[in-house]
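In the working numbering, the protein residues as written are 1030 to 1683.
Below is one structure, written out as structure tokens; comments come after it.
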């Protein structure tokens, strides 16, 4: 039933931008119409979302706005489509499916690959989901939705003006999660991720379509969809590649288990969305600026990590225009950028107090550009740009790619980009975005070169590309798991934890939610993370070795939105609740020592600290802890029997 609700959600959610793009834009193909409609939809919901978050209005205002907006957009789009007699399915529904089936096929493959990432899912996406997924799950249920520390549930007044008020993707997603009453982990990690995979593959299609169109080369419309195989390339397990020194993409795991993040729309689509309007020669600079600004706003609604991408795209476009029109001005601009870069490198913290200089940017960038995976795509770009140097669009696009290379990789030019990034991890993610873009551009140019050549396998293309996509995905899974035995184990593991979270954590959260309704406010100490009997060790990068455990404290609020889970406080602190004004984490540390090693000494230390705070619920997983907990006056409310861990819920009325 939960999966059925998710499928209905996906259909409704993707139909809306498709209809809007068809009715209100001049885009021709279904993918480009979908992308245009998606951007329009994001802008509209984003404007109201920013207002709601800025003035901290009631969440229900936004909820009903989105519901009414969806109804109006569907109704008005159908009206205009019928009035204008627009051919919605480009001839017939059979033709429509024939042209675009592969886009859905690869998106489904991508989601299937996620089911082999149980360790990452159980780690709550390395704590990131303690914010993003918690916010999606809890916003509809909080009485003061925008003044809550979503990780702990404690009240925390947020500033009226801040960068996060522009990020509305969690707010929008919370509407649909609540509307369909879906399990939050399944909603986000499966169905919302599928939407983003589909938006990405439509973006790749639109990118390829524009290149073919501007280059004046016709192509069989049934063929263009096979650019979607790039999505499966993106989804190849990056930990495997990094471990063998082949390719390292910063936070590469996100494209598997964190695809529902708004930042992943930015990471995978941002460059292309911002590039295309600037290369439209039919538009004036003013219209380009307006379109660029609107798309930028839509992307900021997803994540502010788009800002360095926007800066690089704008600078590269400006340099390209100056090079074409006045090389003296081009040299002056290049010198100014270099000078600013030197100043920024020497004193970046003056401009942004949290600025982190990424000293290893060049090494990271150069290593990836020299990768055996990336070099063929770079060579393809260079070769085909030279071959088609008389085609202005390809020439201009390749010049901008050269600008990206200089502005992202070469010191001191890249210091401006680093400054706008503010944090070193954002620098790494932007360079990862550029690496992925090189794969997309190189693949498209190769497709441009060979699309219209007569091949004996033309009729076999559907089977051939489907086979390639399946083989790539299977190779990735096998490379990650190492054996068929491990693959079977991973499949069994997901089957028993099919809601993209461990069953124990889900049942614990649901029990705490019921308890909250029965007994009122729940302030709980919950284990932060626990080892499992499943081998969850993975290698990330060339020198880092992680043992990803089952995260609990940061995940239970996804199922119990009104409880307070204190343990994440020490890492994600912040509250103006007077009861916890002097809370310093000592009780949490004593709790951790006690539940790992329940002795008389650790019990006394924990008992002394916990009496200072209004904690009425304690979760244990070791039976040896339970007699000590009962000595403090707590009674066992419920036991959660799990495959990997048993949980004991203890409660005491304050």
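We put the beta carbon where it would ideally sit given N, CA and C, even for glycine.
All values derive from a computational prediction rather than experimental measurement.
ask   = Are the region 1286-1293 and the region 1137-1154 touching by the rule of at least three beta carbon pairs closer than 8 Å?
value = yes
message = Need the endpoints of the beta strand (DSSP E) that residue 1051 sits in, please.
response = That residue, residue 1051, is in no beta strand (DSSP E); its alpha helix (DSSP H) goes 1031-1053.
query = What residues are listed by DSSP as bridge partners for residue 1669?
reply = 1676
query = By DSSP, does residue 1141 sit in helix, in strand, or in coil?
reply = helix
request  = Give the range of the beta strand (DSSP E) segment to which residue 1195 is assigned.
outcome  = Counting along the chain, residue 1195 falls outside any beta strand (DSSP E), and DSSP gives it neither H nor E.
request  = Determine the extent of the alpha helix (DSSP H) in which residue 1185 is found, giving its start and end residues.
outcome  = Where residue 1185 is concerned, there is no enclosing alpha helix (DSSP H), given that its DSSP letter is neither H nor E.
request  = Consult DSSP for residue 1333 and reduce its assignment to one of helix, strand or coil.
outcome  = coil
request  = Determine the closest residue to residue 1241 out of 1395, 1156, 1480, with distance taken between C-alpha atoms.
outcome  = 1480
task = May I ask you to verify whether the region 1081-1089 touches the region 1064-1071, counting CB pairs closer than 8 Å and requiring at least 3?
result = no
ask   = Would you say the region 1224-1237 touches the region 1250-1269, given that touching needs at least three Cβ pairs under 8 Å?
value = yes
ask   = Which residue or residues does DSSP assign as beta-bridge partners of residue 1580?
value = 1558
task = Return the CA-CA distance between residue 1202 and residue 1625, expressed in angstroms with no decimal places.
result = 37 Å
request  = Specify the secondary structure class of residue 1663 as computed by DSSP and reduced to three states.
outcome  = coil
request  = Identify the continuous alpha helix (DSSP H) that holds residue 1407 and give its terminal residues.
outcome  = 1404-1416
key: Proximity below 8 Å, CB of residue 1417 to CB of residue 1209   = no
request  = Say whether the region 1343-1353 touches the region 1424-1435, bearing in mind that this needs 3 or more beta-carbon pairs closer than 8 Å, one atom from each stretch.
outcome  = yes
task = Count the CB pairs spanning the region 1638-1657 and the region 1600-1618 that are closer than 8 Å, and state whether there are at least three.
result = yes
inquiry  = Please identify the residue among 1042, 1101, 1113 whose C-alpha is closest to the C-alpha of residue 1054.
reply    = 1113
Straight-line Cα distance separating residue 1047 from residue 1118 = 11 Å
query = Between 1613, 1617, 1578, 1579, which lies nearest to residue 1594 when the distance is taken from Cα to Cα?
reply = 1617
key: residue 1251 and residue 1356 closer than 8 Å at C-beta   = no
task = Report the partner residues of residue 1297 according to the DSSP bridge assignment.
result = Its beta-bridge partners do not exist; DSSP assigns none.
request  = Less than 8 Å between the CB atoms is what I'm expecting for residue 1456 and residue 1447, so what's the real figure, rounded?
outcome  = 5 Å
query = Taking just the CA atoms, how far does residue 1144 sit from residue 1219?
reply = 9 Å
task = Starting from the Cα of residue 1063, find the closest Cα among 1613, 1049, 1327, 1365 and give me that residue.
result = 1049
inquiry  = Using 8 Å for Cβ pairs, my map puts residue 1031 next to residue 1215. What's the rounded Cβ distance?
reply    = 6 Å
Residues near residue 1292 by beta carbon distance below 8 Å, same chain, minus five either side = 1283, 1331, 1332, 1334, 1458
message = Tell me the rounded alpha-carbon separation between residue 1665 and residue 1097.
response = 46 Å
key: Helix, strand or coil at residue 1174 [DSSP, three-state]   = coil
request  = Kindly confirm or deny that the region 1182-1193 and the region 1539-1550 touch, where touching means at least three C-beta pairs closer than 8 Å.
outcome  = no
inquiry  = I'd like to check one pair, residue 1432 with residue 1349: are the Cβ atoms closer than 8 Å?
reply    = yes
task = Reducing DSSP to helix, strand and coil, say where residue 1552 ends up.
result = strand
request  = Flag this pair as touching only if the region 1575-1591 and the region 1164-1171 have three or more C-beta atom pairs under 8 Å; answer yes or no.
outcome  = yes
message = Under DSSP, the alpha helix (DSSP H) around residue 1445 begins and ends at which residues?
response = 1443-1450
inquiry  = Suppose you measure from the CA of residue 1134 to the CA of residue 1217; what does that come to, to the nearest Å?
reply    = 20 Å
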